[in-house]
Amino acid sequence: MPRRPDLHGLTGAYALDALDGLELDRFEHHLAGCPSCEHEVRGFRETAARLAQAVALPPPPALRQRVLGAVTVTRQLPPPAPPAPPAPRSWLRPAAARPAAADGRGGWFPRLAAAVAAVAAAVAIALGVQQAATQHQLDQARAHNAAVAAVLAAPDARLVVRRAATGGVASVVTSASRHAVVVSTSGMPALTGGKVYELWFLSGGTARPAGLLPPGAAGRTAPLLASGVGHGDRLAVTIEPAGGTRQPTTKPILMVTLPT
Amino acid sequence: MNRPELPELGPAAATDPGPGTDLAELLGSVARGDEEAFEAAYDQLCRPVYGLARKVVRDPAQAEEVAQEVLLEVWRTAARFDRSRGSALSWVMTITHRRAIDRVRSATAAAEREQKAGRPVPPAPDGVAEAVESRLDAERVRRCLGSLTELQRESVTLAYYGGYSYPQVATLLGAALGTIKTRIRDGLIRMRDCLGVS
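Going down the list, the sequences are from chains A and B.
In case it helps, the numbering used here puts the first sequence at residues 164 to 423.
In case it helps, the numbering used here puts the second sequence at residues 12 to 209.
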């Protein structure tokens with residue numbers, strides 16, 4: 164019997180609203196920092212919507228007028244405040260602390276001493292505060308940043324830096340013990356047509372979605388946490404249409420064998 | 012005022028809304044206060060919303076109340092719908108399912124339902140309700156549910172249509188929590204792939 168509850172396995176129950184109480188809270192907290200779970204929940208919700216369509220029934224005709232009548236006297240909520248765009252340097256370490264980048268790559272995770280990890284985490288939290296518009300978003304940002312910091316500070320954290328085929332560099336910190344990676348990028352070209360950079364975990368012959376890179380600021384993207392890494396997995400990045408896909412549709416522009 | 016261009020209505024339009032009646036677009040207009048767009052959205056949504064509420068809540072009067080609350084919430088919070096996070100239908104059905112669950116998942120409500128229903132019988136695949144407009148949808152779902160193992164199918168239908176929490180499902184089916192959790196997820200993966208959900 165596993166000691167730690169397997170939270171990833173709760174995506175189905177969550178999507179069907181079959182979680183309650185403490186388990187629901189714990190899973191929602193987990194979801195905030197787990198893009199692969201988020202992706203899976205989204206697909207399950209779409210599936211559930213089909214289950215709902217299959218039991219569609221015409222309502223009593225009187226409902227229509229009641230609803231339309233109520234609408235004329237009901238105020239609407241305004242749209243959520245858009246997040247303030249992050250200042251380009253807000254999550255970069257101060258220039259003095261950046262190492263002389265002799266190789267010119269400019270990645271921002273050059274060393275993994277605990278002090279560095281702490282600085283990066285503090286800066287990531289600052290980014291989260293800037294972007295959060297509501298308390299809920301702030302809590303989510305903090306949970307996400309805590310999860311990022313945990314990977315950075317893990318005793319078995321290892322850094323790998325790779326160039327992408329279409330330009331730019333990705334810095335990937337892997338913690339095998341936490342089964343997670345944190346990915347940040349620099350200099351990857353902005354994509355047109357709503358396309359996104361999507362991450363994948365590759366194992367055997369299969370690809371599992373691992374999240375979408377957030378839009379960049381000044382050519383750099385904020386750290387993305389991807390959990391659910393298995394032993395021997397590789398990480399790949401492809402360019403996909405808006406919203407991402409469930410399987411890669413293009414050749415990877417970057418492939419990293421994750422250190423174990 | 013933003014008026015959506017209404018397509019020529021023909022027999023096909025009843026089940027196949029043209030580009031002018033794309034639900035996500037309608038919700039965009041609804042978010043800006045367009046009551047005509049809301050009417051068009053109502054006409055697309057009222058059957059799945061009421062149907063799901065009926066399926067979960069069972070009592071017709073309460074189902075109607077749930078449907079009314081949900082449709083009003085769609086009006087009220089249309090600006091919160093984010094099309095990058097999923098389809099408009101999925102957004103509305105999530106609201107609907109949660110509202111329906113709120114109604115049924117209280118201790119007294121559960122006790123009453125169990126009393127009325129005796130031993131709850133999970134709906135067999137051909138027990139899925141039909142309506143003329145959604146016959147194709149119902150067929151497809153029925154066929155895909157039929158491809159699941161019995162435990163997967165019962166777990167998914169008890170949780171979704173029955174409105175039970177997964178520990179309650181585990182009790183009803185006499186199975187371990189971990190087993191039910193896995194069957195629900197496996198069942199959904201199969202349904203998702205069978206239905207071709209992207």
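Even for Gly, the Cβ is constructed at its ideal location relative to N, Cα and C.
Under the three-state DSSP convention, the category A/P372 falls into: strand
I'd like to know if the stretch 360-369 of chain A and the stretch 377-392 of chain A are in contact, where contact means that at least 3 CB-CB pairs between them fall below 8 Å. yes
Is A/L362 helix, strand or coil by DSSP? strand
Taking all protein chains shown into account, decide if A/S340 is buried (16 or more other Cβ within 10 angstroms of its Cβ) or exposed. exposed
A/V332 classed as buried or exposed, judged by whether at least 16 other C-beta atoms fall within 10 angstroms: buried
Start and end residues, beta strand (DSSP E) containing A/S347: 343-349
So is B/T190 in contact with chain A if we call contact Cβ pairs under 8 Å? no
Please report whether the beta-carbon of B/Q73 lies at a distance below 8 Å from any beta-carbon of chain A. no
Closest to A/V345 by C-alpha separation, out of A/H307, A/G356, A/M351, A/V234, would be which residue? A/H307
Answer with yes or no whether the minimum CB distance from B/Q163 to chain A is below 8 Å. no
For B/P59, I'd like the list of residues in its chain whose CB is within less than 7 Å of its CB, leaving aside the five on either flank, ordered along the chain. M104
Rounded to a whole number of angstroms, what is the C-alpha to C-alpha distance between A/A215 and A/R325? 45 Å
Determine whether the Cβ of B/S158 lies closer than 8 Å to any Cβ atom of chain A. no
What are the boundary residues of the beta strand (DSSP E) that A/P124 is part of? An answer regarding residue 124 of chain A cannot be provided, because it is not within the stretch 164 to 423 covered by chain A.
Minimum Cβ-Cβ distance from A/T237 to chain B less than 8 Å: yes
Nearest to B/L56 by CA position, among A/V236, A/V218, A/T369, is which residue? A/V218
A/K358 versus B/R94: straight-line alpha-carbon distance, rounded: 15 Å
Per-residue contacts from B/L37 into chain A (C-beta, under 7 Å): None at all; the shortest Cβ gap to chain A is about 14 Å.
Exposure label - A/H394; buried when at least 16 CB within 10 Å: exposed
Under three-state DSSP, which class holds A/L240? coil
Could you work out which residues of chain A lie near B/R87, taking near to mean beta carbons separated by less than 7 Å? T237, Q239, L240
Going by beta-carbon coordinates alone, are A/T237 and B/R91 separated by less than 8 Å? no
Within this structure, are the beta carbons of A/T174 and A/C200 separated by less than 8 Å? yes
Does B/D70 get closer than 8 Å to chain A when you measure Cβ to Cβ? no
Buried or exposed for A/P372, please, with buried defined as at least 16 other CB atoms from any protein chain shown within 10 angstroms of its CB. buried
Excluding sequence positions up to five away, which residues of its chain have a Cβ less than 6 Å from the Cβ of B/A42? A89, A90
Can you tell which of B/E50, B/R109, B/A51, B/D54 has its C-alpha closest to the C-alpha of B/V77? B/R109
Is B/A181 close to chain A? Criterion is C-beta to C-beta, closer than 8 Å. no
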